Amino acid sequence: MVPPPLSWQAIMRSIRRISMLALLLVAAAVQPIVGQGLVSGTPESAGMSSARIDRLTSALESYVSGGELAGAVTLVARGGTIVYLDAVGERDVEGEDPMEVDDIFRIASQSKAVVSVAAMILQEEGRLLLTDPVGDYLPEFRETSVAVQGEGGGYDVVPADRQITIRDLLTHTSGLSYGSGPAAEVWEAAGIQGWYFADRDETVGETVSRLAELPFDAHPGEAWIYGYSIDVLGAVVEQASGEPLDEFLASRIFQPLGMADTHFYLPASKRDRLVTVYSAGDEGLSRTADCCGMVSQGAYADGPKRSFSGGAGLVSTAGDYGTFLQMLLNGGELDGHRILSRKTVELMTTDHLGDLEFQAGQGFGLGFSIVEDLGERGIPGSVGEFGWGGAYHSTYWVDPEEELVVVYLTQLLPAGSIDDHARLRALIYQAIVD
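Shown next as structure tokens:
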């Protein structure tokens, strides 16, 4: 019986698999294949099973064939060895453009970890301290206010009971949300809500200067609240360093680590590698439209290129971001380039919340969630694991106990009820066999 002909997409996926296998077979040469410090190798060379890790590909492809996911790129490294790097689905469904492992994604809140590292570089150089008031660098933050919810509805605006510190920004205890608190209508009127800044024709410094005049959601140190803290931190980095945020990140992090495809705004030569954003709905996936300039390429390619959003503005690849995470796993150094000291990385990956309410089994450090109780969290991993994710349904984590780095990039907003993150984690940990 003659088998049915393969689709063009299936042929392209097979070619990618063959190419990946060829890279792994030359592992004995120990040549970097993505970024600096990460080398190719077989799963067995890193204490993992090839047969077991291959389950990941079929699982992710099932989300594509089921219409829940347009495409994704996944990188898994253990002990500095890339044991899995694959792309599934399509970069652009309508254009029948297959996803490639070096495609570029909007990483949204994964930008926060990078800017948190930038702030810690400045502390190591004595140019700021975690205990410094933000107002020392951004004078408009010397006196801020809080919207206190009233018992019968409405709210009162009161002065904040102390100044916000840089540590408050790093731990998301500044009281800043994304403008969704009691005074949401004031934030909406100011044009500062949500997290997307790429289409703004003003600098982040100008935006956060206006933001400082609005009532925040809580007093500093009172609660963990997710929002604009790291955008404010980016403006602090600019003031403390005397450089625009994009230039500081490029010279102090991206260039030393060889992260050549990580930018705030894409060069024209790379625009065809930017993955299209899709939305999950009742009728399946649809191309995201009329939201923040995100149609296909969006303002990350064609915007004013003025707003360097430390909280959500970067684009990157799985290889670049995996290199960044490997540096942290190594204690701040990678391939001869020291970005941070080992003690600084320890401080960043330790819980700073104390008794403040957060997620079950987890605390929060200086830029990352931290696993403290594996059973209470209830999913595979290790105590001491740190990570986070992004609005486009991407995620990452570093597991120091297992010497594991994972980067999973998609462009799905909103993501609906897809359970790929949980399956991804289960299938990666079940492949560890040493």
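Residue numbers (my numbering): 469 to 902. Where is the CB? At the ideal position from N, CA and C, for every residue including glycine. For clarity, every value in this text was computed on a predicted model and none was experimentally measured.
Beta carbon of residue i nearer than 8 Å to that of residue j
i      : j      : result
Ala587 : Leu725 : no
Ile589 : Leu644 : no
Gly539 : Arg523 : no
Val616 : Asp624 : yes
His820 : Phe832 : yes
Gly509 : Ile550 : yes
Gly781 : Leu543 : no
Asp570 : Thr785 : yes
Pro712 : Phe776 : yes
Thr818 : Ile838 : yes
Val455 : Gly858 : Nothing can be reported for residue 455: it is not among the residues displayed for the chain, which extend from 469 to 902.
Gln794 : Ala545 : yes
Ala527 : Arg891 : yes
Met516 : Ile900 : yes
Gly829 : Glu814 : no
Ile634 : Leu598 : yes
Among the options, nearest to residue i - alpha-carbon criterion
i      : options                           : result
Val672 : Arg720, Ile698, Asp560 and Tyr768 : Ile698
Glu670 : Tyr605, Val625, Glu715 and Arg774 : Arg774
Asp667 : Gly752, Pro627, Asp770 and Glu608 : Asp770
Ser642 : Thr812, Ser648, Glu690 and Tyr897 : Glu690
Phe716 : Ile886, Val582 and Leu553         : Val582
Arg893 : Ala859, Gly831 and Arg520         : Arg520
Ser648 : Trp663, Leu638, Asp823 and Gly843 : Trp663
Ser577 : Ser885, Asp867, His861 and Asp729 : His861
Ile632 : Tyr646, Tyr605 and Glu656         : Tyr605
Gly884 : Gly505, Glu536 and Pro511         : Glu536
Leu596 : Ser518, Ser530, Leu895 and Gln707 : Gln707
Asp636 : Glu853, Ala527, Ala859 and Asp600 : Asp600
Glu871 : His889, Asp841, Arg845 and Asp902 : Asp902
Val743 : Gly557, Gly846 and Pro882         : Gly557
Pro650 : Asp685, Glu801, Glu844 and Glu568 : Asp685
Gly547 : Leu796, Thr756, Asp841 and Thr812 : Leu796
Ser530 : Phe826, Asp887 and Leu802         : Asp887
Gly779 : Ser517, Gly829 and Val705         : Val705
Ile896 : Tyr552, Gln827 and Val541         : Tyr552
Gly749 : Ala514, Leu880, Ser533 and Glu512 : Leu880
Ser677 : Thr612, Ile900 and Gly829         : Thr612
Asn798 : Ala828, Val873 and Gly849         : Val873
Glu656 : Pro683, Val532, His640 and Gly618 : Pro683
Leu638 : His805, Val561, Arg810 and Ser579 : Ser579
Leu435 : Gly852, Glu844 and His640         : In this structure the chain extends from 469 to 902, so residue 435 is not present and cannot be described.
Gly766 : Ser809, Gly849 and Arg574         : Arg574
Residue i - containing beta strand (DSSP E), residue span
i      : result
Glu558 : Thr549 to Asp560
Tyr531 : Note, Tyr531: premise wrong, no beta strand (DSSP E); alpha helix (DSSP H) at Arg523 to Ser533.
Ile838 : Ser837 to Val839
Thr542 : Gly539 to Arg546
Trp865 : Thr863 to Asp867
Ala615 : Ser613 to Gln617
Leu877 : Leu872 to Leu877
Ser747 : Tyr746 to Gly749
Residue span of the alpha helix (DSSP H) that contains residue i, given as start and end
i      : result
Thr791 : Ala786 to Leu797
Leu753 : That residue, Leu753, is in no alpha helix (DSSP H); its beta strand (DSSP E) goes Gly752 to Arg755.
Gln591 : Ser579 to Glu592
Tyr897 : Asp888 to Tyr897
Asp714 : Leu713 to Leu717
Reduced DSSP category for residue i - H, G, I as helix; E, B as strand; rest coil
i      : result
Asp565 : strand
Val704 : helix
Arg739 : helix
Pro601 : strand
Val763 : Here the model assigns Val763 a pLDDT of 46, short of 50, so the residue's position is not dependable, and the following value carries that caveat. Three-state result, Val763: coil.
Phe722 : helix
Gly800 : coil
Ser709 : helix
Ser508 : strand
Arg610 : coil
Ile572 : strand
Tyr623 : strand
Ile900 : strand
Ala497 : The predicted position of Ala497 is uncertain, since its pLDDT is 39 and thus under 50; a value taken from the coordinates is nonetheless stated next. Three-state DSSP puts Ala497 in a helix.
Ordered list of alpha helix (DSSP H) runs contained in the region 804-856, each at least 4 residues: Given a length threshold of 4 residues, each whole run of the alpha helix (DSSP H) inside the region 804-856 is given here in chain order: 810-816 and 842-845.
4-residue-minimum alpha helix (DSSP H) runs that sit fully inside the region 625-690, ordered along the chain: Segments of the alpha helix (DSSP H) lying fully in the region 625-690: 634-639, 652-658 and 672-679.
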